[in-house]
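To start, the structure itself, in structure tokens.
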Amino acid sequence: MARTGSRCGRETNKDVHYPLEMKWQSLSPLLEDMDDLELRSWMSNWSDFDKICDMILSLPSDVFWSMVVHDEKVVRLIDNFCESFPWSWETTRLELYLKRNDAVTLVASTVFKKILFILLRAVLPNENRVNDEDSFLRIIYDYRIITVDRLVNVAGVYDGCCEDAVRALFERTIVRQPLFASDLSAYSAQLVRSLEGARDNLRFFVLECVNEGNGTKIMSHLAECTRYLEAAMLLFKYCPSSKKHLVDCDLAVVIPALVEDFTNHLTPASLQSMVTSVVDFPISQYLQAFDQLRMSAWNLFNVIITDKECWSSKTVVAIQNGLLYENFIYYYNILFPIDSVIAELLAKGFCDSASVAHIQSCLGVVSSSEENKLIEKLRNQGLLQSLGSSTVGEVQTKIKDILELLPHFSPQFIHLCLRHFGYDQESTVNALLGKFFLPLELRALLSSPLEAMDPPCSQNQLVIFPPNGYFIISFAI
Numbered sequence: 031m032a033r034t035g036s037r038c039g040r041e042t043n044k045d046v047h048y049p050l051e052m053k054w055q056s057l058s059p060l061l062e063d064m065d066d067l068e069l070r071s072w073m074s075n076w077s078d079f080d081k082i083c084d085m086i087l088s089l090p091s092d093v094f095w096s097m098v099v100h101d102e103k104v105v106r107l108i109d110n111f112c113e114s115f116p117w118s119w120e121t122t123r124l125e126l127y128l129k130r131n132d133a134v135t136l137v138a139s140t141v142f143k144k145i146l147f148i149l150l151r152a153v154l155p156n157e158n159r160v161n162d163e164d165s166f167l168r169i170i171y172d173y174r175i176i177t178v179d180r181l182v183n184v185a186g187v188y189d190g191c192c193e194d195a196v197r198a199l200f201e202r203t204i205v206r207q208p209l210f211a212s213d214l215s216a217y218s219a220q221l222v223r224s225l226e227g228a229r230d231n232l233r234f235f236v237l238e239c240v241n242e243g244n245g246t247k248i249m250s251h252l253a254e255c256t257r258y259l260e261a262a263m264l265l266f267k268y269c270p271s272s273k274k275h276l277v278d279c280d281l282a283v284v285i286p287a288l289v290e291d292f293t294n295h296l297t298p299a300s301l302q303s304m305v306t307s308v309v310d311f312p313i314s315q316y317l318q319a320f321d322q323l324r325m326s327a328w329n330l331f332n333v334i335i336t337d338k339e340c341w342s343s344k345t346v347v348a349i350q351n352g353l354l355y356e357n358f359i360y361y362y363n364i365l366f367p368i369d370s371v372i373a374e375l376l377a378k379g380f381c382d383s384a385s386v387a388h389i390q391s392c393l394g395v396v397s398s399s400e401e402n403k404l405i406e407k408l409r410n411q412g413l414l415q416s417l418g419s420s421t422v423g424e425v426q427t428k429i430k431d432i433l434e435l436l437p438h439f440s441p442q443f444i445h446l447c448l449r450h451f452g453y454d455q456e457s458t459v460n461a462l463l464g465k466f467f468l469p470l471e472l473r474a475l476l477s478s479p480l481e482a483m484d485p486p487c488s489q490n491q492l493v494i495f496p497p498n499g500y501f502i503i504s505f506a507i
């Protein structure tokens, strides 16, 4: 594609000489379990990076713009920062540094702000003295100063704290420059292909994890899939309404299938094999990663089917397709009840009463089936044995104490929650009070009549509740 010429794109070498002498500084990521030496090195590295940001921001307007156009170091600087700075779903792993170490927090937040200032400065035509906005936007596109991939990566860093600035970046580029339309479609289509490829490769990663005694690949695969889902979520969230039709509608189709495949392949039995076959398999980290993937998928699916500006008959088809993946839709419906969505779709004329009745009927069948499967799984794992009446006096006392405080819960459900939380009474009470702190598997049983049942055979089991709170219990009391 021919590059559009303008004064901004024809600065002399003298104009850009100083910026080109800038020493490129690679930015190292903040990692868990860094020792003092590594942390000091990280601080020095990021402090140098901060100085480079200051230098760029202090440049005169003409020199700054020439540098943006002619020197790839600026976009490399932005990309390197986005790769090194954790996305919101990763920061929980780094809470020790980001909230307890003031020096780390200060330098990280300082660079965090300055990168955003550089980006905003690069897309403001007034400062760059361009009278023709179309020419200015064409330069941004032709020189790949802003790309869809870069926008999504930036959104991944600034989502939740600088949303107006992120929306401004999307508005100033994707909306006002028509050439971004094909890139937007291509990017979302690539996300769909990546998620479909992740499904195809899942079985091989699980087999390799067990056969090679190495859990790294499956953990990396989970993180990669979550990254795809989060990228799709950010794209859908920040993409202006006038351009959302360009986002691949197959996203709503591939999401349930992906989660269902993970659920079917990564069963308690396969996890038991990993624990016994893989040296130091990080089971708690794996469960957290799997939970994050599921939550990202449910949230994305919800955003897609509840966006009223994008509602069409395809929305109903996406919901009907989701019903084919029973485990996915069962827990999704607990988090985000579908009844309210289909009622509005009916009111807006996107579906008829027969479709609504069909969806509701299928949901009822799925809920009953999945609840029975869950109860049977708990029974097989020994978690329903002597449920509601422990032979251990201390546990029985905790059941009675919680029952007095929260009489609307059954002794059986309280006992099951105690078992999940390692018999920690305070954690159990807090979870029952908030309910949202309960793992979905327990929330699914809130209104179910539970009764004590012996397991099919008497043996120790690996007991796993996938989201929130992850305790591994080898026996139940």
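Quick note on this note's numbering: the sequence shown kicks off at 31 and runs consecutively. Yeah, the Cβ is synthetic: ideal placement off N, Cα and C, and Gly gets one too.
Where residue i and residue j are concerned, what is the direct C-alpha to C-alpha distance, given to the nearest angstrom?
i: P420; j: G452; result: The sequence shown places Ser at residue 420, not Pro. Going by the C-alpha atoms only, they are around 14 Å apart.
i: P437; j: V459; result: 12 Å
i: K430; j: G464; result: 19 Å
i: N158; j: I359; result: Unreliable placement is indicated for N158, whose pLDDT of 49 sits below 50; the coordinate value is still reported in the next sentence. N158 and I359: Cα-Cα distance of roughly 50 Å.
i: L259; j: E102; result: 29 Å
i: E51; j: A138; result: Residue confidence for E51 is low, a pLDDT of 47 falling below 50, so the modelled location carries little weight and cannot support an answer.
i: D164; j: Q207; result: 8 Å
i: N332; j: I285; result: 11 Å
i: L60; j: F142; result: 13 Å
i: V178; j: R202; result: 12 Å
i: M263; j: V104; result: 27 Å
i: C304; j: A482; result: Reading the sequence as shown, one finds Met at residue 304 and not Cys. Rounded to the nearest angstrom, the two C-alpha atoms are 30 Å apart.
i: R233; j: H295; result: 7 Å
i: E356; j: D230; result: 20 Å
i: Q268; j: V240; result: Note on identity: in this sequence residue 268 is Tyr, with Gln being the wrong assignment. Going by the C-alpha atoms only, they are around 40 Å apart.
i: W117; j: A384; result: 43 Å
i: S456; j: Q426; result: One point to set straight first is that residue 456 is Glu, not Ser, in the sequence displayed. Taking the straight line from one Cα to the other gives about 15 Å.
i: L317; j: A253; result: 12 Å
i: D213; j: D278; result: 12 Å
i: D132; j: S77; result: 14 Å
i: G379; j: V346; result: 11 Å
i: K281; j: V222; result: The question names Lys, yet the displayed sequence has Leu at residue 281. Their backbone Cα atoms lie some 6 Å apart in a straight line.
i: D382; j: S342; result: 13 Å
i: C191; j: A377; result: 35 Å
i: L67; j: W328; result: 41 Å
i: V182; j: L89; result: 27 Å
i: L375; j: R70; result: 56 Å
i: D84; j: F467; result: 43 Å
If I'm right that residue i touches residue j with Cβ under 8 Å, what's the distance once you round it to whole angstroms?
i: P485; j: N363; result: Going by Cβ atoms, the distance from P485 to N363 rounds to 29 Å, so no, they are not a contact pair.
i: I389; j: I405; result: Their Cβ separation, rounded to whole angstroms, is 25 Å, which puts I389 and I405 out of contact at 8 Å.
i: L149; j: F111; result: Between F111 and L149 the Cβ distance is about 10 Å, and since that is not below 8 Å, they are no contact.
i: I108; j: R180; result: 7 Å
i: G418; j: Q442; result: 4 Å
i: A211; j: I175; result: That pair is no contact at about 18 Å.
i: K428; j: L448; result: 6 Å
i: A219; j: L288; result: Going by Cβ atoms, the distance from A219 to L288 rounds to 16 Å, so no, they are not a contact pair.
i: I368; j: L393; result: 6 Å
i: H445; j: L472; result: With a Cβ gap of about 12 Å, H445 and L472 do not count as contacting.
i: F235; j: I248; result: 5 Å
Where do the N-terminal and C-terminal ends of the alpha helix (DSSP H) with residue i fall, by residue?
i: E163; result: E163 to D172
i: W95; result: S91 to H100
i: H445; result: P441 to H450
i: L468; result: Where L468 is concerned, there is no enclosing alpha helix (DSSP H), given that its DSSP letter is neither H nor E.
i: H438; result: Segment: none, H438 is in no alpha helix (DSSP H) and carries neither H nor E.
i: C269; result: That residue, C269, is in no alpha helix (DSSP H); it is neither H nor E in DSSP.
i: M85; result: D66 to L87
i: D321; result: I313 to T336
i: H295; result: L281 to H295
i: N508; result: The requested residue 508 does not occur in the structure, where the chain is confined to residues 31 to 507.
i: S114; result: K103 to S114
i: S343; result: S343 to G352
Please tell me whether, using a cut-off of 7 Å, the distance from the CB of residue i to the nearest non-hydrogen atom of the ligand COA is below it.
i: I372; result: For the structure depicted, the ligand COA is absent and the ligand set is empty, with no information on it obtainable.
(request) List in chain order: all unbroken alpha helix (DSSP H) runs of 4+ residues lying wholly within the stretch 356 to 431. (result) Counting only runs that start and end inside the stretch 356 to 431, the alpha helix (DSSP H) elements of at least 4 residues fall at 356 to 365, 368 to 377 and 383 to 410.
(request) Ignoring anything shorter than 4 residues or poking outside the stretch 189 to 248, list the alpha helix (DSSP H) runs there in chain order. (result) Whole alpha helix (DSSP H) segments, 4+ residues: 193 to 200 and 210 to 241.
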